[in-house]
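S.K.: Before anything else, here's the structure in question.
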Amino acid sequence: MSLVRLDGVSFAYGSAPVLRDVDLAVVTGDFTGIVGPSGSGKTTLLRLVLGAIEPSAGTLTRRPGLRVGYVPQVETVNWSFPVTVAEVVLMARRQRRLAPWADAAERGAAIAVLDRLGIAELADRHIRALSGGQQQRVFLARALLGDPELLVLDEPTSGVDVRTRHEILHLLGELHHGGLAVVLSTHDLNGIAAHCPTVVCLNGVVTGMGTPREVLTPDVLEATYGAPMDVLEHAGMPVVVDRPSAHVHQQPTARQR
Ligand code: ADP
Ligand code: MG
Numbered sequence: 004m005s006l007v008r009l010d011g012v013s014f015a016y017g018s019a020p021v022l023r024d025v026d027l028a029v030v031t032g033d034f035t036g037i038v039g040p041s042g043s044g045k046t047t048l049l050r051l052v053l054g055a056i057e058p059s060a061g062t063l064t065r066r067p068g069l070r071v072g073y074v075p076q077v078e079t080v081n082w083s084f085p086v087t088v089a090e091v092v093l094m095a096r097r098q099r100r101l102a103p104w105a106d107a108a109e110r111g112a113a114i115a116v117l118d119r120l121g122i123a124e125l126a127d128r129h130i131r132a133l134s135g136g137q138q139q140r141v142f143l144a145r146a147l148l149g150d151p152e153l154l155v156l157d158e159p160t161s162g163v164d165v166r167t168r169h170e171i172l173h174l175l176g177e178l179h180h181g182g183l184a185v186v187l188s189t190h191d192l193n194g195i196a197a198h199c200p201t202v203v204c205l206n207g208v209v210t211g212m213g214t215p216r217e218v219l220t221p222d223v224l225e226a227t228y229g230a231p232m233d234v235l236e237h238a239g240m241p242v243v244v245d246r247p248s249a250h251v252h253q254q255p256t257a258r259q260r
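In this text, residue positions in the sequence shown follow my numbering: the first is 4, and each later residue adds one.
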């Protein structure tokens, strides 16, 4: 049985739909990357999967009692309030219960999940004092504290360096191997080609769905991004490269001039 299933789902914030006729099933064992240009509806699709918004048309079914963890896009988080890493993680439980304080068991559970992600020593640090990759792990820890069956992440690899990007994807791969279903959005086509067994290409509609090899083709990429892209092969994996347009190519660089 699917954890979450969308059949012919459309969604509009105003009059014009931003997602049209989307069919998508998320099942146990999935590790799915959603790619598409800015404004293509990635965040909207994740919010539908989460149950934060309801479809304007079509049907969305969620397995009753499904536990979902959410890691929002770091750039959308308001950092103006002073909180420590442990406090951010413990916010997960405050959304579920009324007591404003955490008991020793809850603090212990928070430290255990930070430990699992290799950042227990950061527990008392201020969240603003951390690197992008460390902040990403803190939000991952918060999402994991509720012991989710499905983890939804919005651009977890944006704004971090290459090494951190691979660390995050590797970490998500390990969680996936441990039985967690993972759905994420990303701009990192080559990262998902290397790490995600399933790729969904989005541009208001689903332009492609399948393995990286099936989906990362010049035709699907052009339908998704509206720009020509080349796909090479490296170490048995597809690698996507931008193809400079003829016009751009002919411009002399400043140095040549
Ligand atoms: P992505 O995450 O791929 O960048 P989004 O799902 O955020 O795309 O946005 C899809 C479209 O919906 C965009 O055109 C965006 O401007 C619009 N949109 C997103 N959120 C809202 C909102 N809260 N109200 C109105 N329009 C929105
Ligand atoms: Mg987005």
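Where is the CB? At the ideal position from N, CA and C, for every residue including glycine.
Quick caveat: nothing in here was measured; it's all calculated off a predicted structure.
#1: Should H252 be labelled buried (16 or more other beta-carbon atoms within 10 Å of its own) or exposed?
#2: Going along the chain, which residues of its own chain have a beta-carbon closer than 7 Å to the beta-carbon of G149, five neighbours each way excluded?
#3: Would you list the one or two residues that DSSP bridges to P58?
#4: By the 10 Å Cβ neighbour count, where 16 or more other Cβ atoms means buried, how is D106 classified, buried or exposed?
#5: Among I195, F142, V165 and L6, whose alpha-carbon lies nearest the alpha-carbon of L68?
#6: In the DSSP assignment, what are the bridge partners of Y73?
#7: What does a CB cutoff of less than 7 Å around R145 pick up in its chain, not counting 5 residues either side in sequence?
#8: May I ask whether a heavy atom of the ligand ADP can be found less than 6 Å away from the beta carbon of S41?
#9: For S188, list the residues DSSP reports as bridge partners.
#10: Would I130 pass as a contact of V86 if the rule is Cβ separation under 7 Å?
#11: Among the candidates L120, L183 and P200, whose CA atom is the shortest distance from the CA of I171?
#12: The alpha helix (DSSP H) that contains V52, what's its start and end?
#13: Hey, quick one: how far does the beta strand (DSSP E) through P111 stretch, first residue to last?
#14: Report the residue from R246, V203, Y228 and L224 whose alpha carbon sits nearest the alpha carbon of A28.
#15: Taking the alpha helix (DSSP H) that D222 falls in, what are its first and last residues?
#16: Does DSSP put H252 in a helix, a strand or coil?
#17: For the putative contact between L147 and V185, defined by C-beta atoms under 8 Å, what is the C-beta separation to the nearest angstrom?
#18: Between which two residues does the beta strand (DSSP E) holding T167 run?
M.R.: So, from the listed chains and residues:
#1: Annotation note: pLDDT 49 at H252 (below 50); position unreliable, coordinate value reported separately. By the neighbour-count rule (16 or more Cβ atoms within 10 Å), H252 is not buried but exposed.
#2: Same-chain partners within the cutoff: R70, G72 and A95.
#3: For P58, which the question treats as bridged, DSSP gives no partner whatsoever.
#4: Exposed is the call here.
#5: Here the sequence assigns Gly to residue 68, which means Leu is not the residue at that position. Measuring C-alpha to C-alpha distances from G68 to each of I195, F142, V165 and L6 identifies L6 as the nearest.
#6: For Y73, which the question treats as bridged, DSSP gives the partners V155.
#7: Excluding sequence neighbours, R145 sits near V91, V92, M94 and A95.
#8: Under cutoff, so the answer is yes.
#9: According to DSSP, residue pairing for S188 in a beta bridge involves I37 and D157.
#10: Against a cut-off of 7 Å, the Cβ pair of V86 and I130 comes out as a contact.
#11: With distances taken between CA atoms, I171 lies nearest to L120 out of L120, L183 and P200.
#12: Residues K45 to L53.
#13: Position check: residue 111 holds Gly in this sequence, whereas Pro was assumed. It is not in any beta strand (DSSP E) - G111 instead sits in the alpha helix (DSSP H) that spans A107 to R119.
#14: Minimum Cα distance to A28 is reached at V203.
#15: Note, D222: alpha helix (DSSP H), P221 to Y228.
#16: Model confidence at H252 stands at a pLDDT of 49, short of 50, so the residue's coordinates are unreliable and nothing is read from them.
#17: That belief does not hold up - the Cβ atoms of L147 and V185 are roughly 11 Å apart, past 8 Å.
#18: Premise fails: T167 lies in the alpha helix (DSSP H), V165 to H180, not in any beta strand (DSSP E).
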